[in-house]
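What follows is a short report on a single structure.
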Amino acid sequence: MTQEDEHIQDEVLRHSLEDPEDFWAHQAEHLYWHKHPSTVLRRSQRKLASGVTHDNWEWFPDGEISTCFNCIDRHVLDGHGHEVAIYYDSPVTNTKDQYTYQELLDEVRVLAGALREGGVKKGDVVMLYMPMIPSAIIGTLAINRIGAIHSIVFGGFAPNALAQRIDACRPVALLTASCGIEGNKPPISYQPLVEEALSISVHKPRRTIIWQRDQLRWHPVNKDAGQATWQQMIRSARARNIRADCVPTKSNETIYIIHTSGTTGAPKGVLRDAGGHAVGLHLSISYLLNIHGPGDVTFTASDIGWIVGHSYIIYAPLLAGAATVVYEGKPIGTPDASAFWRIVEEYKVNSMFTAPTALRAIKRDDPDNKFLAEVGKRGGLRTLKALFLAGERSEPTIISMYRSSWRSTERRILT
Numbered sequence: 002m003t004q005e006d007e008h009i010q011d012e013v014l015r016h017s018l019e020d021p022e023d024f025w026a027h028q029a030e031h032l033y034w035h036k037h038p039s040t041v042l043r044r045s046q047r048k049l050a051s052g053v054t055h056d057n058w059e060w061f062p063d064g065e066i067s068t069c070f071n072c073i074d075r076h077v078l079d080g081h082g083h084e085v086a087i088y089y090d091s092p093v094t095n096t097k098d099q100y101t102y103q104e105l106l107d108e109v110r111v112l113a114g115a116l117r118e119g120g121v122k123k124g125d126v127v128m129l130y131m132p133m134i135p136s137a138i139i140g141t142l143a144i145n146r147i148g149a150i151h152s153i154v155f156g157g158f159a160p161n162a163l164a165q166r167i168d169a170c171r172p173v174a175l176l177t178a179s180c181g182i183e184g185n186k187p188p189i190s191y192q193p194l195v196e197e198a199l200s201i202s203v204h205k206p207r208r209t210i211i212w213q214r215d216q217l218r219w220h221p222v223n224k225d226a227g228q229a230t231w232q233q234m235i236r237s238a239r240a241r242n243i244r245a246d247c248v249p250t251k252s253n254e255t256i257y258i259i260h261t262s263g264t265t266g267a268p269k270g271v272l273r274d275a276g277g278h279a280v281g282l283h284l285s286i287s288y289l290l291n292i293h294g295p296g297d298v299t300f301t302a303s304d305i306g307w308i309v310g311h312s313y314i315i316y317a318p319l320l321a322g323a324a325t326v327v328y329e330g331k332p333i334g335t336p337d338a339s340a341f342w343r344i345v346e347e348y349k350v351n352s353m354f355t356a357p358t359a360l361r362a363i364k365r366d367d368p369d370n371k372f373l374a375e376v377g378k379r380g381g382l383r384t385l386k387a388l389f390l391a392g393e394r395s396e397p398t399i400i401s402m403y404r405s406s407w408r409s410t411e412r413r414i415l416t
């Protein structure tokens, strides 16, 4: 194969291997830097207390960046404020909604201002214990906007697990909701879970901010214990014109903490830095998922508590200026095995990301792929160019089944 015949993917890979600093300098140009980095990569060695020496790499070490600015403000300033940023689809509450980039900016900067007014500052940790609703994404971005660090815990986690993470992160505030809804089960009240966790934990966040859901309320809201209703706080801040601009962080400063599952011991908090994270995610969604900006739609069937949710529900689609589908439902049972294909058809999804477990469940309930075939026959899958499977091994039968169902060389299944 000559260089002229080289596929773009091969060209990109070759460039990254032959001249990584030039390659990543070029990728960094896709984002806005409050202070443009003069150095792409700084290599050094660090010595652990045990005496072991290891290589240390710092990306864009003298740069300063705001991930929130690149996810929202940049697109609004570029004239794309009217484009959809978030599609919210909740079959468990029979609710659908959407936010444009301008609407998302308005929500995020008001909440960011309210958090700052409540004493949250750059470098503080704020924990989220939320269901899959737009407020969870708004909360995440608002925390990032003021230079604070977010730590997301799965909504519904047991009090002991939540308390363990509170003590590890020492958050100044906790953003939560009144309830979560799992599939076709009744709402799960978060109030007893959160209050028990806070009674167990050694560290006590100063404030607990509660998004009240109609399905099940948090009552009473104990102001003496630092509890506040999210919606009331936002109404007050908006009425007083409380807003917050983006606070840039140094490229190697932490923007979030995510905990490992704890299957081999206590959960470990992993820190993610600002600059390398943003540049790497923008690259991956552009070159791997083929999502490039306004008009593109991505559906990641995961939870924001996972790293996949952090990356491909929240940050990567918004860094690209695309639309992300926030789905509060299951692959089956909400209402049936057609759920994912309905999402693809209704929102004209271009790229879908899920786990093999979800497709196994769909296959179990719909072994002949009747739902997929029905949507396909009426052209509902025409926009879907790629299906990505990750998180566990994908058996060949699952992959071959969906490849044969599509029967198109223009579509890809990547594992």
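Numbering (our numbering), first residue to last: 2 to 416. Where a beta carbon is used, it is the ideal one built from N, C-alpha and C, also for glycine. Bear in mind the structure is a predicted one, so any value in this text is a computation, not a measurement.
Smallest Cα separation from residue i: which of the options?
i    : options                : result
T358 : A374, E12, A391        : A391
P187 : P295, S252, L217       : L217
R75  : E346, W58, D246        : D246
K122 : A143, L129, I138       : A143
V203 : Q165, S406, F70, H37   : Q165
I182 : V111, G334, T40        : G334
M353 : Y313, L319, R236       : Y313
P172 : R207, G263, R365       : R207
L112 : W212, L319, T54        : W212
V154 : F341, S401, G310       : G310
K36  : H8, S405, T68          : T68
A26  : D367, I315, A279       : A279
L382 : S406, S401, S395, D366 : S406
Can you tell me the Cα-Cα spacing of residue i and residue j, whole angstroms?
i    : j    : result
S45  : P21  : 16 Å
A198 : K386 : 44 Å
T261 : T398 : 30 Å
V350 : G322 : 15 Å
Q228 : M131 : 16 Å
L42  : Y348 : 40 Å
E411 : V77  : Unreliable placement is indicated for E411, whose pLDDT of 49 sits below 50; the coordinate value is still reported in the next sentence. About 32 Å.
Y33  : P62  : 15 Å
M133 : W58  : 34 Å
T40  : G276 : 12 Å
F389 : A267 : 30 Å
L284 : K205 : 39 Å
V326 : N223 : 34 Å
G377 : E346 : 9 Å
V13  : N291 : 14 Å
Taking the CB atoms as reference points, tell me whether residue i and residue j lie closer together than 8 Å.
i    : j    : result
I363 : P332 : yes
K97  : D107 : no
A29  : A115 : no
Y328 : F372 : no
D149 : D125 : Contrary to the premise, residue 149 reads as Ala rather than Asp in this sequence. Yes, these two residues count as a Cβ contact at 8 Å.
E65  : T250 : yes
A137 : I305 : yes
I243 : E118 : yes
W219 : Q192 : yes
I210 : L176 : yes
A240 : I286 : no
Taking the DSSP output, what are the residues bridged to residue i?
i    : result
N57  : S45
W212 : A178
F341 : Looking at the DSSP assignment, F341 forms no beta bridge with any residue, so it has no partner.
A324 : V298
L390 : T355
M131 : F155
T431 : Because the chain is modelled from 2 through 416, residue 431 falls outside the range shown and cannot be assessed.
D274 : T255
V376 : In DSSP, V376 forms no bridge with anything.
V85  : T101
I363 : DSSP output for I363 lists no bridge partner at all.
* To do: Note down, one range per segment and in chain order, each beta strand (DSSP E) of at least 3 residues found wholly within the segment 203-272.
  => Those beta strand (DSSP E) runs which fall completely within the segment 203-272 and span 3+ residues are 208-212, 228-230, 255-260.
* Asked: Along the chain, which unbroken stretches of the alpha helix (DSSP H) at least 4 residues long are found entirely within the segment 99-128?
  -> For the segment 99-128, the full-length alpha helix (DSSP H) segments reaching 4 residues or more read 102-118 along the chain.
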